[in-house]
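Numbering (our numbering), first residue to last: 2 to 362. Note that beta-carbon positions come from the ideal geometry of N, C-alpha and C, so glycine has one too. Computed from a prediction, not measured in an experiment: that's the story for all the values here. Here the structure comes first, spelled out in C-alpha cells, and everything after it is commentary.
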Ligand code: ADP
C-alpha cells in the first residue's frame with residue numbers, strides 16, 4: 002500500500018517535543034510535508050535558539066517515518082523563523098527554510114537551460130571569491146550532470162563518521178557533489194522528491210565548517226525540482242547565467258521569474274560566451290550579437306554583473322581541473338570573474354537581504 006501523508010502524520014504523532022511535552026504534529030511543528038512515490042520530505046519548525054537542541058527530535062522523526070512500510074527515503078529538516086523583526090522589515094531568507102550551520106551566505110548560480118556555462122561560471126566565481134579572501138564552498142546541486150569534481154580536478158570519495166560527511170577540497174575551496182558519491186557513468190534517474198532529499202542531505206549532512214559563502218551550482222532549468230530547491234535553501238541571492246542568444250535570454254527570464262516567485266533576490270545576470278576572443282590573434286568577434294543580456298537585465302530591473310568571452314582557455318582549463326581564475330589569475334577572463342566576485346560580495350555584505358548566521362549542529 003503506498004504511503005500517504007496521513008500515515009506519515011500518524012507516525013510523527015508518536016514524536017514528542019521534550020520541552021513542551023506534546024507531540025510535534027499537535028504542536029503544529031510539522032510543515033511542508035510532501036509524499037511522492039515513497040519519498041517523504043517535511044520540515045520541523047522551531048526557533049533559532051532551540052534549533053540545535055531539536056536535532057534528536059528531527060532524527061527520531063525521520064526514523065519513525067523510515068519505519069513505515071512503503072517508505073523509500075525520508076528527509077526532515079529543521080527550520081527556524083527569524084527572530085521577531087521590526088515592523089515593516091523585509092522577511093529574511095532563512096524564514097521557514099532549511100538551516101545550514103556556520104555558513105554566512107548561500108548563493109545560487111542558475112540558468113534557464115543547460116550548456117550556457119553555468120557550472121563554469123559557478124566554479125570560477127567560487128574561486129574568485131576565495132581569491133578575494135573569503136572562505137568558500139561549492140555545492141554541486143546539478144545532480145543530473147555533476148561537473149564540479151571534474152572542474153576542480155578532485156577525485157576520491159568523501160569520508161564520513163556516520164553522522165557527517167567531510168567535503169572534498171581543491172584549490173582552497175571545499176566541495177560536495179553527487180559526482181563523488183556515484184560513478185560518473187551511472188545513469189541517474191531522479192524524481193522530484195529524490196532530488197530535494199539529495200540536496201537536503203548535501204546541505205545538511207556535510208560538515209561545511211565555517212564559510213563566508215556557499216555557492217550552489219543549480220541544476221539547469223526552471224522545473225519543479227529547481228523551484229523547490231530555490232524555496233528550500235536559505236538563499237541570500239541568485240546569479241543567473243545566460244548566453245547572448247535570444248533563446249537563452251528567454252530561458253534566463255524564466256530563471257529570474259522563478260527566483261522572484263520564491264522571494265530570492267537576484268544578485269545579477271552574467272553573460273557568458275559573450276563574444277569570441279581568438280586564442281591566436283587576440284581578436285574579438287561578436288559572434289552572437291553580444292550585449293543582449295545587458296539590455297535584458299536593464300529591462301528586467303536586474304543588475305548586469307559582467308560578460309565572459311568565449312575563449313579556448315576557459316574550456317581547456319576547466320577540462321583540466323584547473324579553472325582559469327586559479328590557473329591564469331592575471332588573464333582578462335580571470336579578472337572579469339574577480340570583478341564579478343567583488344560585486345557579489347559587496348551586495349551580500351550590504352545585506353541586500355541578510356543571510357542568517359544559523360547555529361544548528
Ligand atoms: P552548464 O553548466 O550550463 O551546462 P558548462 O559550464 O558545463 O555549462 O559549460 C558547457 C561547455 O562550455 C563546457 O565544455 C565548458 O568548458 C564550455 N564553456 C563554458 N563557458 C565557456 C567560455 N566562456 N568559453 C569557452 N568555453 C566555455
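Spatial neighbours of residue i within its chain, please: CB distance less than 6 Å, with the 5 preceding and 5 following residues excluded, ordered by chain position.
i, result
"residue 141", "147, 149, 178 and 218"
"residue 298", "270 and 305"
"residue 74", "40 and 198"
"residue 101", "204"
"residue 8", "69"
"residue 44", "32, 33, 78 and 80"
Can you list, in chain order, the residues of its chain whose CB lies under 7 Å from that of residue i, leaving out five sequence neighbours each side?
i, result
"residue 211", "103 and 136"
"residue 129", "326, 338, 339, 341 and 342"
"residue 255", "113 and 223"
"residue 153", "124, 171, 172, 176 and 322"
"residue 200", "142 and 230"
"residue 324", "124, 125, 128, 152 and 318"
"residue 120", "143, 148, 149, 152 and 218"
"residue 303", "257, 267, 269 and 270"
"residue 220", "142, 143, 144, 145, 226 and 227"
How should residue i be labelled, buried or exposed, when 16 other C-beta atoms within 10 angstroms of its C-beta is the threshold for buried?
i, result
"residue 158", "exposed"
"residue 335", "buried"
"residue 286", "exposed"
"residue 349", "buried"
"residue 279", "exposed"
"residue 236", "buried"
"residue 195", "buried"
"residue 180", "buried"
"residue 32", "exposed"
"residue 371", "Given a span of 2 to 362 for the chain in the structure shown, any question on residue 371 remains unanswerable."
"residue 163", "exposed"
"residue 52", "buried"
"residue 296", "exposed"
"residue 6", "exposed"
"residue 2", "exposed"
"residue 183", "exposed"
"residue 63", "buried"
By Cβ distance below 8 Å, which residues in the same chain neighbour residue i in space, the five residues on each side in sequence not counted?
i, result
"residue 61", "16"
"residue 133", "339, 342, 343 and 346"
"residue 4", "36, 39, 41, 69, 70, 71 and 72"
"residue 24", "13, 14, 15, 16, 17 and 18"
"residue 10", "26, 31 and 34"
"residue 165", "206, 207 and 208"
"residue 284", "278"
"residue 131", "137, 172, 173 and 174"
Sorry if obvious, but does the Cβ on residue i come closer than 7 Å to a heavy atom of the ligand ADP?
i, result
"residue 295", "no"
"residue 49", "no"
"residue 1", "Because the chain spans 2 through 362 in this model, residue 1 falls outside it and cannot be assessed."
"residue 126", "no"
"residue 310", "yes"
"residue 150", "no"
"residue 205", "no"
"residue 321", "no"
"residue 274", "yes"
"residue 221", "yes"
"residue 339", "no"
"residue 29", "no"
"residue 119", "yes"
"residue 267", "no"
"residue 332", "no"
"residue 174", "no"
"residue 224", "no"
"residue 302", "no"
"residue 344", "no"
"residue 116", "yes"
"residue 315", "yes"
"residue 328", "no"
"residue 178", "no"
"residue 112", "yes"
Please report the Cβ distance between residue i and residue j, rounded to the nearest whole angstrom; I am assuming they are in contact, meaning their Cβ atoms lie under 8 Å.
i, j, result
"residue 216", "residue 58", "In fact, because the Cβ distance is near 31 Å, the residues do not count as touching under 8 Å."
"residue 1", "residue 206", "Residue 1 is absent from the structure shown; the chain starts at 2 and stops at 362."
"residue 245", "residue 292", "7 Å"
"residue 317", "residue 272", "So it is not a contact: roughly 21 Å between Cβ atoms."
"residue 138", "residue 108", "That belief does not hold up - the Cβ atoms of residue 138 and residue 108 are roughly 11 Å apart, past 8 Å."
"residue 14", "residue 22", "Actually they do not touch by this definition, with Cβ atoms about 14 Å apart."
"residue 105", "residue 214", "6 Å"
"residue 301", "residue 259", "Contact doesn't hold; Cβ gap of about 13 Å is too wide."
"residue 294", "residue 250", "6 Å"
"residue 242", "residue 122", "5 Å"
"residue 351", "residue 332", "At roughly 29 Å, the Cβ-Cβ gap does not stay under 8 Å, so residue 351 and residue 332 are not in contact."
"residue 76", "residue 160", "That pair is no contact at about 22 Å."
Sequence ranges, alpha helix (DSSP H) only - wholly within the stretch 139 to 223, length at least 4 | 149 to 153, 179 to 182 and 193 to 205
Contained beta strand (DSSP E) runs [length at least 3] in the stretch 290 to 352, N- to C-terminal order = 305 to 311
Note down, one range per segment and in chain order, each alpha helix (DSSP H) of at least 4 residues found wholly within the stretch 95 to 138.
-> 119 to 132
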